[in-house]
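Undergrad: Provided herewith is a single structure, encoded as structure tokens, for subsequent inquiry.
2 protein chains.
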Amino acid sequence: MTEVLPSWNNTATKAAIVDFVTRVTHVGGSDYVAPPERIATFDNDGTLWCEFPLQVQVFFTLDELKRLTVTAPALLAKPAFKALLAGDLKTLMTLSKREIFEPAFAVHAGMTVDEFKATVGHWLQQAKHPKLGRLFASNTYQPQVELLQYLRDNGFKTFIVTGGGIEFVREVSEQLYGIPPEQVVGSSTKAKFEIADGQSAIRKMPDLGSFDDRDEKPVNIDLHIGRRPIFAFGNSDGDLAMLRYTLTGPGARMGLLLHHDDAEHEFAYDRDFKPSPFKDGLDHADEYGIRIVSMKNDWNRVFPD
Amino acid sequence: MTEVLPSWNNTATKAAIVDFVTRVTHVGGSDYVAPPERIATFDNDGTLWCEFPLQVQVFFTLDELKRLTVTAPALLAKPAFKALLAGDLKTLMTLSKREIFEPAFAVHAGMTVDEFKATVGHWLQQAKHPKLGRLFASNTYQPQVELLQYLRDNGFKTFIVTGGGIEFVREVSEQLYGIPPEQVVGSSTKAKFEIADGQSAIRKMPDLGSFDDRDEKPVNIDLHIGRRPIFAFGNSDGDLAMLRYTLTGPGARMGLLLHHDDAEHEFAYDRDFKPSPFKDGLDHADEYGIRIVSMKNDWNRVFPD
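And the structure:
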């Protein structure tokens with residue numbers, strides 16, 4: 000028999016995951032869940048790929064600002080925009096996720112979604128992480144890729160629910176995680192439909208439609224999926240509402256938060272990481288029935304080769 | 000060999016549908032489309048089930064107003080709300096879809112999504128169409144149910160993109176059409192996440208989030224699906240943007256509009272039906288490359304037994 004989840008160590012965490020999946024798929028068992036209700040939601044930044052020292056989309060925006068001309072006064076005045084323009088990572092790291100991402104979402108206003116996706120795709124083919132020296136797109140977590148596949152092999156439908164831009168993540172979700180665009184939920188700007196001369200497009204507008212973080216995650220899960228997940232995986236306080244929404248439904252449920260505690264193979268950070276702090280989750284995991292996953296102890300590898 | 004689409008007559012329309020599906024699924028053919036890109040979107044009211052003399056959700060709202068207490072002054076002042084409260088169908092039929100639906104979306108503010116869905120489910124089990132004398136939920140179009148299945152049998156992923164309320168349609172989409180809730184896109188009110196005493200819910204708010212009609216349809220298709228459909232089916236001018244978005248992409252594409260011209264088996268209406276007029280679609284079908292489907296000539300039955 001091939002061992003499942005090979006990049007996971009044989010700890011209590013892996014045993015609990017396998018036990019959960021076994022129980023909900025056991026026909027006739029008291030915890031059985033019919034396949035259509037086997038909804039699993041995963042955060043992206045810091046849960047499926049590296050988000051340190053800043054989220055991938057922030058590095059994309061840093062590069063993009065070298066070629067984009069931004070004139071909107073409201074945007075120019077924002078501290079995050081000034082720091083982005085100056086390439087000032089240290090200042091960016093003192094801001095909240097919402098502050099950092101708001102200009103990142105707005106600077107591509109006026110572009111069509113297809114143009115934006117092509118720009119993202121081209122950038123990801125060559126942009127490298129400043130510390131790891133690998134392509135950003137190769138900084139996915141191998142144990143999570145295996146977990147997504149394991150869940151799908153057991154009849155789960157896997158979704159990404161990210162604070163990152165929905166089009167940004169959709170550009171890579173199928174290739175990196177086997178998750179099709181229609182199963183990606185994320186932050187979004189407002190958009191409009193345009194048609195002329197036999198061609199049509201969806202054009203991005205400057206206003207934020209939804210910032211898919213914290214309480215907005217369960218709201219967007221309801222809007223996009225329409226079912227309460229039975230399994231959710233995140234890595235920060237921004238995912239707590241999604242996990243608590245998942246865990247407070249009836250029947251068997253599982254919620255996990257990834258703890259970045261492996262400075263040797265990735266980075267070690269939690270409470271003090273301003274762009275996505277992990278504090279309430281650590282303090283209240285037991286109370287909420289959340290299992291903390293240790294990168295250091297529960298995984299035997301982090302990135303794919 | 001079993002005949003495909005048995006409730007469709009052997010007209011040019013059926014031949015064109017079968018030809019399209021054959022071409023896009025023919026591996027190695029010039030029109031081949033890989034399965035993940037085989038996205039088909041269907042309007043609901045008037046395309047998948049009966050919307051005459053008014054949409055099903057309007058009848059639901061009429062009944063609901065007998066038990067709900069509405070106090071919001073802005074809502075009470077709306078002509079559609081007054082007509083709804085008075086059960087005045089004639090006046091409602093002189094208003095636009097947006098006018099009719101806006102109060103329909105707002106009156107359930109304060110209810111959780113789960114409570115709302117349970118209310119819808121209960122109502123649909125016994126509510127009957129005033130003229131047809133059948134359960135509203137049995138007024139689906141048998142030829143369309145067959146078409147949805149035929150597309151899925153050929154590797155298509157089928158979606159509903161409706162001007163109706165997203166939760167309302169999700170309550171019945173799986174049972175009536177084999178379409179799971181996560182493949183339903185629709186109009187929505189804003190909502191919020193609530194958690195207390197180990198229980199959580201999504202609660203509906205009075206403000207409209209999106210009215211999924213006309214240009215909003217392609218915008219919401221992009222937001223929820225993230226791919227341009229290759230097949231779209233509607234029945235009114237509210238679907239034209241969705242069809243034109245579908246038809247103006249590269250490669251093989253198909254767009255259809257259902258013409259309600261069968262007064263004997265259903266109803267005959269088009270240009271003058273204020274709640275969902277079909278005028279521009281009739282006038283410009285050829286120019287836009289849209290095929291008009293005649294209920295009378297292209298179908299040999301309308302409803303299931």
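Quick mapping for you: the protein sequence lines, in order, are chains P and G. When we follow numbering that gives the first Met the number 0, the leftmost residue of the first sequence carries the number 0, and every step to the right adds one. When we follow numbering that gives the first Met the number 0, the leftmost residue of the second sequence carries the number 0, and every step to the right adds one. Glycine included, every Cβ here is placed at the ideal spot set by N, Cα and C. On a predicted model such as this, the values are computed, not experimentally measured, just so you know.
Is E114/G close to chain P, meaning its C-beta is less than 8 Å from at least one C-beta of that chain?
TA: Within the second sequence, numbered from 1, the residue matching residue 114/G stands at position 115. Chain P, which has no Cβ nearer than 8 Å to the Cβ of E114/G, makes this no.
Undergrad: Pick out whichever of V171/G, I38/G, L239/G, F51/G has its Cα sitting closest to the Cα of D271/G.
TA: What you label residue 271/G is simply residue 272 of the second sequence in a count that begins at 1. Nearest C-alpha to D271/G: F51/G.
Undergrad: Ignoring anything shorter than 4 residues, give me the alpha helix (DSSP H) runs that lie fully in the region 224 to 272 of chain G, in order along the chain.
TA: 239 to 246
Undergrad: Would you check if there are 3 or more beta carbon pairs closer than 8 Å linking the region 252 to 264 of chain G to the region 222 to 240 of chain G?
TA: yes
Undergrad: Would DSSP call Q198/G helix, strand or coil?
TA: For the purposes of this step, residue 198/G is taken as the residue at position 199 of the second sequence. Strand.
Undergrad: Look up T24/G in the DSSP assignment and say whether it is helix, strand or coil.
TA: Reading the second sequence from its first residue, position 25 is the one you call residue 24/G. Helix at T24/G.
Undergrad: Output needed in chain order: residues of the region 177 to 191 of chain G with a Cβ under 7 Å from some Cβ in chain P.
TA: P179, P180, E181, V183, S187, A190, K191
Undergrad: P217/P CB to nearest chain G CB: under 8 Å?
TA: In the first sequence, residue 217/P corresponds to position 218, counting from 1. When Cβ-Cβ separations below 8 Å define contact, P217/P makes contact with chain G.
Undergrad: By the criterion of Cβ-Cβ separation under 8 Å, what are the contact partners of D211/P in chain G?
TA: Translated into the one-based positions of the first sequence, residue 211/P becomes position 212. Ordered by position in chain G, no residue passes the 8 Å Cβ test against D211/P, which lies about 11 Å from the chain.
Undergrad: DSSP beta-bridge partners for E193/P?
TA: Taking the first residue of the first sequence as 1, we reach residue 193/P at position 194. BP columns for E193/P point to A200/P.
Undergrad: Return helix, strand or coil for F41/P, following the three-state DSSP convention.
TA: Locating residue 41/P in the first sequence gives position 42, where the first residue counts as 1. In the structure shown, the three-state DSSP call for F41/P is strand.
Undergrad: Within 8 Å (strictly less), CB to CB, does A240/P reach chain G?
TA: What you label residue 240/P is simply residue 241 of the first sequence in a count that begins at 1. So, interface residue.
Undergrad: For L239/P and G233/P, I'd like the C-alpha separation in whole angstroms.
TA: What you label residue 239/P is simply residue 240 of the first sequence in a count that begins at 1. What you label residue 233/P is simply residue 234 of the first sequence in a count that begins at 1. Going from the Cα of L239/P to the Cα of G233/P covers about 8 Å.
Undergrad: Using three-state DSSP, classify K156/G as helix, strand or coil.
TA: In the second sequence, the residue the question calls residue 156/G occupies position 157. In the structure shown, K156/G sits in a strand (DSSP, three-state: E or B).
Undergrad: Under 7 Å, CB to CB, which of the residues in the region 242 to 264 of chain P have a partner in chain C?
TA: Here the protein chains are P and G, and chain C is not one of them.
Undergrad: In whole angstroms, what separates the C-alpha of W7/P from that of N153/P?
TA: Reading the first sequence from its first residue, position 8 is the one you call residue 7/P. Reading the first sequence from its first residue, position 154 is the one you call residue 153/P. Computed Cα separation, rounded: 18 Å.
Undergrad: In chain order, what residues of the same chain have a beta carbon less than 8 Å from the beta carbon of S95/G, not counting five sequence neighbours either side?
TA: Residue 95/G sits at position 96 when you count from the first residue of the second sequence. For S95/G, where only same-chain residues beyond five positions count, the Cβ hits under 8 Å are K273, P274.
Undergrad: Beta strand (DSSP E) containing R290/G: first to last residue?
TA: Along the second sequence, read from residue 1 onward, the residue named residue 290/G stands at position 291. Counting along the chain, the beta strand (DSSP E) containing R290/G begins and ends at 290 to 293.
Undergrad: Return helix, strand or coil for K127/P, following the three-state DSSP convention.
TA: Here residue 127/P refers to the residue found at position 128 of the first sequence. Three-state result, K127/P: strand.
Undergrad: Have a look at the DSSP bridge pairing and note the partners of T111/G.
TA: As a working mapping, residue 111/G is identified with position 112 in the second sequence. Per DSSP, R202/G.
Undergrad: Using a Cβ-Cβ cutoff of less than 8 Å, which residues in the same chain neighbour K308/P once the five nearest sequence positions on both sides are dropped?
TA: With chain P covering 0 to 304 only, the question about residue 308/P has no answer from this structure.
Undergrad: Below 8 Å between beta carbons: does that hold for F302/G and D236/G?
TA: In the second sequence, residue 302/G corresponds to position 303, counting from 1. In the second sequence, residue 236/G corresponds to position 237, counting from 1. Cβ distance not < 8 Å, so F302/G and D236/G don't count as in contact.
Undergrad: From the DSSP secondary-structure annotation, give me the bridge partner or partners of L134/G.
TA: Within the second sequence, numbered from 1, the residue matching residue 134/G stands at position 135. Per DSSP, K127/G.
Undergrad: Reducing DSSP to helix, strand and coil, say where L47/G ends up.
TA: For the purposes of this step, residue 47/G is taken as the residue at position 48 of the second sequence. Note: L47/G maps to coil in three-state DSSP.
Undergrad: For H223/G, go through chain P and note every residue whose CB falls closer than 8 Å to its CB, in chain order.
TA: Indexing the second sequence from 1 puts residue 223/G at position 224. By Cβ distance, chain P contributes E181, H223.
Undergrad: What does DSSP give as the partner residues of W122/G in its beta bridges?
TA: To locate residue 122/G, count along the second sequence from 1; it is residue 123. The partner list for W122/G (beta bridge, DSSP) is empty, contrary to what the question assumes.
Undergrad: P228/G CB to nearest chain P CB: under 8 Å?
TA: Within the second sequence, numbered from 1, the residue matching residue 228/G stands at position 229. For P228/G, the answer is no, since every Cβ of chain P falls outside 8 Å of its Cβ.
Undergrad: Which value, in whole angstroms, describes the spacing of the CA atoms of P217/G and I165/P?
TA: Here residue 217/G is taken as the residue at index 218 of the second sequence, counted from 1. Here residue 165/P is taken as the residue at index 166 of the first sequence, counted from 1. If you draw a straight line from the Cα of P217/G to the Cα of I165/P, it comes to about 16 Å.
Undergrad: Which residues, taken in chain order from the region 191 to 202 of chain P, show a beta carbon closer than 7 Å to some beta carbon of chain G?
TA: Contacts with chain G (Cβ-Cβ distance below 7 Å) from the region 191 to 202 of chain P involve K191, F192, I194, G197, Q198, S199, I201, listed in chain order.
Undergrad: Can you confirm whether D282/G, when its beta carbon is compared against all beta carbons of chain P, has any partner nearer than 8 Å?
TA: As a position in the second sequence, residue 282/G is number 283, starting the count at 1. Chain P, which has no Cβ nearer than 8 Å to the Cβ of D282/G, makes this no.
Undergrad: From E114/G to F266/G, what does the alpha carbon distance come to, in whole angstroms?
TA: For the purposes of this step, residue 114/G is identified with residue 115 of the second sequence, where counting begins at 1. For the purposes of this step, residue 266/G is identified with residue 267 of the second sequence, where counting begins at 1. Taking the straight line from one Cα to the other gives about 33 Å.
Undergrad: Less than 8 Å between CB atoms is the rule here; does R169/P satisfy it with respect to chain G?
TA: In the first sequence, counting from the first residue as 1, residue 169/P sits at position 170. For R169/P, the answer is yes, since a Cβ of chain G falls inside 8 Å of its Cβ.
Undergrad: Please state whether the Cβ-Cβ distance between L222/G and S187/P is less than 8 Å.
TA: Taking the first residue of the second sequence as position 1, residue 222/G is located at position 223. Taking the first residue of the first sequence as position 1, residue 187/P is located at position 188. Yes. Within cutoff.
Undergrad: Quick one: does P205/G have its CB under 8 Å from some CB of chain P?
TA: Here residue 205/G refers to the residue found at position 206 of the second sequence. Not one chain P Cβ lies under 8 Å of P205/G.
Undergrad: Buried or exposed, going by whether 16 or more other CB atoms sit within 10 Å of the CB of D285/P?
TA: Residue numbering aside, residue 285/P sits at position 286 when the first sequence is read from its first letter. So D285/P ends up on the exposed side.
Undergrad: Could you please give the first and the last residue of the uninterrupted alpha helix (DSSP H) stretch that includes R169/G?
TA: Looking up residue 169/G in the second sequence gives position 170. 165 to 176 is the extent of the alpha helix (DSSP H) around R169/G.
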